[in-house]
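Notes for the one structure printed next.
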Amino acid sequence: MQTLRHILPTLAALFFAVFSASAAPAPLSLHPENPHYFLFRGKPTVLVTSGEHYGAVLNLDFDYIAYLDALKRDGLNHTRTWAGAYREIPGSFNITDNTLAPLSGRYICPWARSGVPGYFCGGNKFDLTKWDDRYFARLKDFMTQASKRGVVVELNLFCPNYTDSLWLANPMHAANNVNGVGNCPAKEAYTLKHSDLLSVHEAMVRKIVGELRDFDNLYYEVCNEPYFGGVTMEWQHRIVDIITDTEKDSPRKHLISLNIANGRARVVNPHPKVSIFNFHYCVPPDVVALNYDLNKVIGDNETGFRGHADSTYRTEGWDFIIAGGALYNNLDYSFSPEHPDGTLRGYSSPGGGSSELRTQLGILKRFMDGFDFIRMAPDSTIIAGGVPSGTTVRALVERGKQYALYVKGGNRIDLRLNLPPGNYTAEWVDTKTGKTAGKARLRHPGEAAALPSPEYAEDIALRIKKR
């Protein structure tokens, strides 16, 4: 009996741990019936957002609760956030009030400060063998607040040092830590050449992955824009292996993303544990068709550098998602430490962003949620004619049942579509207001159906469903 009394508490604790693990929500995953899309909290999901410039956690002056509230209010469900291994400095890339460029004394990262002065941006140097508990508390609270609002976080672990000045500001530069690590050129920081630096990378990844193991609203991106700054694919695959190994005994495994290219590129010899292939500045979105056979998510997770007009980034988002992408993130410069709710105006940053744009992207998210889109696939062969010069039409299709179309350019179109015989409802949707711009019922005998649009400005969407 004495032995039983001793082991009962242990058995109870073990049962509770197993029950808790099985009861916790499964993390974001690829949809099992159509891995071009996500499954999140039991629902097919596309991720759409217009988010801040990635400094929500590492910048102590940024109110991320106000930021996440703005995303939820506008109907958006995604954000990118940097882990803190990279930072920028005021003036970087001509970004106004850059959230990735915290002021002196307002930068926080995974590593604790030492007692030795001399960090490039002010304050003491870092000790790369010790963790900053305040950072991990902030990171986990950010994840918790995002989870409460249904926002999925892309946690970006690393970023190349685009310039020597950014490398000089990095905690892993030898001058900024007391460990003598990082005595190398910026372009060798993310390679397999320096075992001491690689050990720091691996330890940071294991620590972060361990701390965030229970969050369902999370996936990891290995490195932002690795094609700049000498980041090697061998190093990226090593980090993928570290994430995978850290989670090998966990019942909840998180998706992993690689950032492939600016514009378009064909993914070659992908790592089998990578589930998301992200691109930047995908105009036009032909990168989706180029990599559709991978049967993984294709994302456009950074825009910008094309001026301030909302239409530029609204049309990029609609075009990409209706082309078959599952993730779109506009880089939104209207968020700043002084304007965490996204109300900064008159900025000089190289891209766009506004509350109006976020509302319009929320319309895109709701438009997609109105379909059973895991049954759909890109299909341009249904377009039979009527597309004038200067206008493009994308189509996402489940033949004979549901059709999502996006028209970009011009101000009116006499669209003709190859539809099977049947009764359909066709509804033209204003992409700027979400309101119905025109509606028709079709008793269609087959072959080409005529669907003239109402007049529109810049773009319009079309929803067709079988009655």
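Numbering (this note's numbering), first residue to last: -16 to 450.
Backbone N, C-alpha and C fix where the C-beta goes; we use that ideal spot for every residue, glycine too.
ASP442 versus TRP411 - alpha carbon distance
The straight-line gap from Cα to Cα measures roughly 11 Å.
Runs of alpha helix (DSSP H) wholly within the region 98 to 145 (minimum 4 residues, chain order):
Listed in chain order, they are 116 to 131.
Between the C-alpha atoms of ALA432 and PRO15, what's the straight-line distance to the nearest angstrom?
Cα to Cα, the separation comes out at about 34 Å.
In three-state DSSP terms, what is VAL257?
In the three-state reduction of the DSSP assignment, VAL257 falls in the coil class.
Would you kindly report the start and end of the unbroken beta strand (DSSP E) that includes LEU445?
It spans 442 to 449 - the beta strand (DSSP E) in which LEU445 sits, taken as one unbroken run.
Measuring alpha carbon to alpha carbon, tell me which of LYS176, LEU175, VAL183, GLU171 ends up nearest VAL164.
Among LYS176, LEU175, VAL183, GLU171, the Cα nearest to that of VAL164 is on VAL183.
Does ASP228 pass the burial test, meaning 16 or more other C-beta atoms within 10 Å, or should it be called exposed?
Per the 10 Å Cβ criterion, exposed.
TYR311, enclosing beta strand (DSSP E) - first and last residue:
310 to 314 is the extent of the beta strand (DSSP E) around TYR311.
For the alpha helix (DSSP H) containing ASP52, list its first residue and its last residue.
Looking at the DSSP string, the run of the alpha helix (DSSP H) that includes ASP52 is 47 to 56.
If you check the beta carbons only, do TYR407 and LEU425 fall under 7 Å apart?
A contact, by the Cβ cut-off of 7 Å.
Sort out for me which residues DSSP pairs GLY421 with in a bridge.
Paired residues: TRP411.
Nonlocal neighbours in the same chain, by C-beta distance under 6 Å from ASN17, ignoring five residues either side
These residues qualify, in order along the chain: ILE357.
LEU11, enclosing beta strand (DSSP E) - first and last residue
Going by DSSP, LEU11 is part of no beta strand (DSSP E) at all; its letter is neither H nor E.
Within 7 Å, strictly: CB atoms of GLU185 and ARG63
In this structure, GLU185 sits away from ARG63, with a CB-CB distance that is not shorter than 7 Å.
For LEU(-3), count the other beta carbons within 10 Å of its own beta carbon; 16 or more makes it buried, fewer makes it exposed. Which is it?
Residue confidence for LEU(-3) is low, a pLDDT of 46 falling below 50, so the modelled location carries little weight and cannot support an answer.
Whether or not the region 150 to 158 and the region 45 to 55 are in contact is what I'm after, with contact meaning three or more pairs of Cβ atoms, one per stretch, closer than 8 Å; do they touch?
The answer is no - the region 150 to 158 does not touch the region 45 to 55, with fewer than three Cβ pairs under 8 Å.
Secondary structure, beta strand (DSSP E): runs of 3+ residues fully inside the region 226 to 279:
Counting only runs of 3 or more, we get 239 to 245, 259 to 263.
Nearest-angstrom Cα distance between TRP301 and ASN107?
Roughly 46 Å between the two C-alpha positions.
Round the Cβ separation of LEU379 and GLY307 to the nearest angstrom and send it over; I've been treating them as touching at under 8 Å.
That belief holds up - the Cβ atoms of LEU379 and GLY307 are roughly 7 Å apart, short of 8 Å.
Distance between SER331 and ALA292 (C-alpha atoms, nearest Å):
Cα to Cα, ALA292 sits roughly 13 Å from SER331.
Taking the beta carbon of GLU285 as the centre, do at least 16 other beta carbons fall within 10 Å, making it buried, or is it exposed?
Residue environment for GLU285: buried (at least 16 other C-beta atoms within 10 angstroms of its C-beta).
Over what stretch of residues does the beta strand (DSSP E) that includes LEU434 continue unbroken?
Element bounds for LEU434: 431 to 435.
Which listed residue (GLU171, ASN160, LEU122, ASN162) has its alpha carbon closest to that of TYR145
Among GLU171, ASN160, LEU122, ASN162, the Cα nearest to that of TYR145 belongs to GLU171.
Helix, strand or coil, according to DSSP, for THR32 in the structure here?
DSSP places THR32 in strand when its eight states are reduced to three.
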